[in-house]
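Chemist: In our numbering, the protein residues as written are 199 to 701.
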RNA sequence: GCGGGCAUAGUUUAGGGGUAAAACACCAGCCUUCCAAGCUGGUUUCGACGGUUCGAUUCCGUCUGCCCGCACCA
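1. Only counting runs of 4 or more residues, tell me where the alpha helix (DSSP H) segments fall wholly within the region 455-496, in order along the chain.
2. Could you tell me the alpha carbon to alpha carbon distance between residue 521 and residue 584, rounded to whole angstroms?
3. Buried or exposed: residue 505, going by 16 or more other Cβ atoms within 10 Å of its Cβ?
4. Just to confirm the assignment, what range does the beta strand (DSSP E) spanning residue 415 have?
5. Buried or exposed for residue 424, going by 16 or more other Cβ atoms inside 10 Å?
6. Tell me, please, whether the region 527-538 touches the region 565-581 by the rule of three or more beta-carbon pairs shorter than 8 Å.
7. From what residue to what residue does the beta strand (DSSP E) around residue 238 run?
8. Which class does residue 686 belong to by DSSP, given the choice of helix, strand or coil?
9. For residue 490 and residue 603, I'd like the C-alpha separation in whole angstroms.
10. Which term fits residue 668, buried or exposed, when burial requires 16 or more other beta carbons within 10 angstroms of its beta carbon?
11. If I'm right that residue 444 touches residue 407 with Cβ under 8 Å, what's the distance once you round it to whole angstroms?
12. Looking only at its own chain, which residues have a Cβ that is under 8 Å from the Cβ of residue 466, when we skip the five neighbours before and after it?
13. List the endpoints of the continuous alpha helix (DSSP H) containing residue 537.
14. According to DSSP, is residue 339 helix, strand or coil?
15. So what does residue 552 bridge to, in DSSP terms?
16. Flag this pair as yes or no: are the beta carbons of residue 305 and residue 382 separated by less than 8 Å?
17. Does the region 598-618 come close enough to the region 547-556 that 3 or more CB-CB pairs lie under 8 Å?
18. With DSSP collapsed to three states, give me the class of residue 450.
19. Does the Cβ-Cβ distance between residue 492 and residue 582 come in under 8 Å?
20. Expressed to the nearest angstrom, what Euclidean distance is found between the alpha-carbon atoms of residue 595 and residue 637?
21. Take residue 415 as the anchor and find which of 403, 433, 655 has the nearest alpha-carbon.
22. DSSP three-state call for residue 527: helix, strand or coil?
23. Residue 288 by DSSP, collapsed to three states: which one?
24. Could you tell me the alpha carbon to alpha carbon distance between residue 447 and residue 524, rounded to whole angstroms?
25. Output the distance between the C-alpha atoms of residue 438 and residue 576, rounded to the nearest integer angstrom.
26. Tell me residue 593's beta-bridge partners as DSSP assigns them.
27. Figure out for me which residue from 652, 411, 330 has the closest Cα to the Cα of residue 309.
28. Hey, how far is the Cα of residue 263 from the Cα of residue 257?
29. What does a CB cutoff of less than 7 Å around residue 241 pick up in its chain, not counting 5 residues either side in sequence?
30. Does the region 614-623 come close enough to the region 654-671 to have 3 or more Cβ pairs within less than 8 Å?
31. Do you know offhand how far residue 417's Cα is from residue 651's?
32. Residue ranges of each alpha helix (DSSP H) run of no fewer than 4 residues wholly in the region 325-393, ordered along the chain?
33. For residue 532, which residues does DSSP report across the bridge?
34. Suppose you measure from the CA of residue 426 to the CA of residue 694; what does that come to, to the nearest Å?
35. Where do the ends of the beta strand (DSSP E) carrying residue 609 lie?
36. Decide yes or no for the touch test of the region 391-411 against the region 273-286: beta carbon pairs closer than 8 Å, at least 3 of them.
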């Protein structure tokens, strides 16, 4: 009997099909053929999702003295995204080279016709720079010699790629490879989902769905400091939906266009030992993931090398998880310096400086940011919990969820359903349990079948009302992982469940 | 975004230019004193749109979705 630890590492196919079959996750808008990059959580999925979020909020906000929560609007002032850097390099039309896989800004990529003796013999292209005209004429000359053309070479007239005519896209060579035919037409490259505030589609009404929740904490830094008596070091936490338009959805809910983040900005003094604080948060977050049932041997750390850090980042370590499709980032813990507050202070013109009573000094705090995706944890929990074993020669599929995460905590069954006394007693117990936990009642089919149904959706406990219940009031409590049974009276049952289920 | 593969019931799959099938699952009933038992009955399927054809789920095209590489990304 396999009671303690999962050994199976399921395929994505297995997970996806289980999610569909048991109502954890459906494809969005499925009856219309699906909507790529979006997902719907079904009756069991919504419970698991809620358990993840509740656990995070409970452990990060309620169980700490130094963290408070906020909940910001998804649409914020467009200037927020200007200051954060999300609007910038990404709003211009882009050109991809299919061969070299390089991406260029269309307005920085120039091209020109090469005309010899009044006849077009081809095109040249180059990236914007100080002496492009000279470079262009050199390229034109070498093309002329390569093709062995005679006659007068005209000076190249350079135009940005944005002005190329549609028939020219396949004739213009890629600046990387020098070969024609691999450049795409200029395309708008949108990091963020764009929308309009108000009924009129006016340029001045452009707004964006947030691509991350973090900016909400920075923008509200002043408000929180002024109203909640927090003192550095302290954190502001938020969970909520974010949207990214530029990604390619892949790997089920791992990477989708609409996802839910749980983020915290932990503000510290500029002269604090940020490396130690960063390390503490990494350890604390790793332990948290273990506590909600992620398998230890599938968790890992990825320390980003200094030369690969984003410009606003001093250090970043990912907590990774070994998914069926590979080791991937689960949670990022970044030391972000004071980049964001500085940006918003400048852009808004409002002081975001914090006055430190102890130090008698004003400063912009630095920040440690643990940021994790709800959907990524969801998937990691499923992968950790999935197991197959054998009970008396029969194959069994079981989700070994931590009781705190299980969508349904207890299944209640009358041993047989054609004995009214058993049915009545179990309905009564079901109603009582229901007031405290999500529970399920099932009377259909043989008792073994009902146990297995509950195993497959990860219900940790089954309670069966049998003939002995009628005599002395005790019930059978069956454990999902071991399938062992014990007898308890009602008081003992509630006590037992309370200990196991609540953190 | 680029390249390749795939699309039949809730799931896994068979089939094939002429009334679409199996297993499991699910629902109802009977039976059942603890691990997917049995019996009876039942629900549900050719991703969408066009074309060829007397007739298309099957052949062709377009779209959508899914899977696998590469790129991008939390």
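The C-beta atom is built at its ideal place from N, Cα and C for all residues, glycine as well.
Modeler: Taking the coordinates as given:
1. 472-489
2. 12 Å
3. exposed
4. Here residue 415 belongs to no beta strand (DSSP E); instead the alpha helix (DSSP H) covers 412-417.
5. exposed
6. yes
7. 237-239
8. strand
9. 7 Å
10. exposed
11. With 8 Å as the limit, residue 444 and residue 407 do not qualify as a contact, their Cβ atoms being about 13 Å apart.
12. 430, 431, 472, 475, 563, 564, 565, 566
13. 537-546
14. helix
15. 561
16. no
17. no
18. helix
19. yes
20. 20 Å
21. 433
22. strand
23. Only weak support is given to the placement of residue 288: the predicted model assigns it a pLDDT of 49, under 50, and the question is left unresolved by the model.
24. 16 Å
25. 15 Å
26. 588
27. 330
28. 11 Å
29. 221
30. yes
31. 48 Å
32. 330-344
33. 514, 567
34. 39 Å
35. 608-612
36. yes
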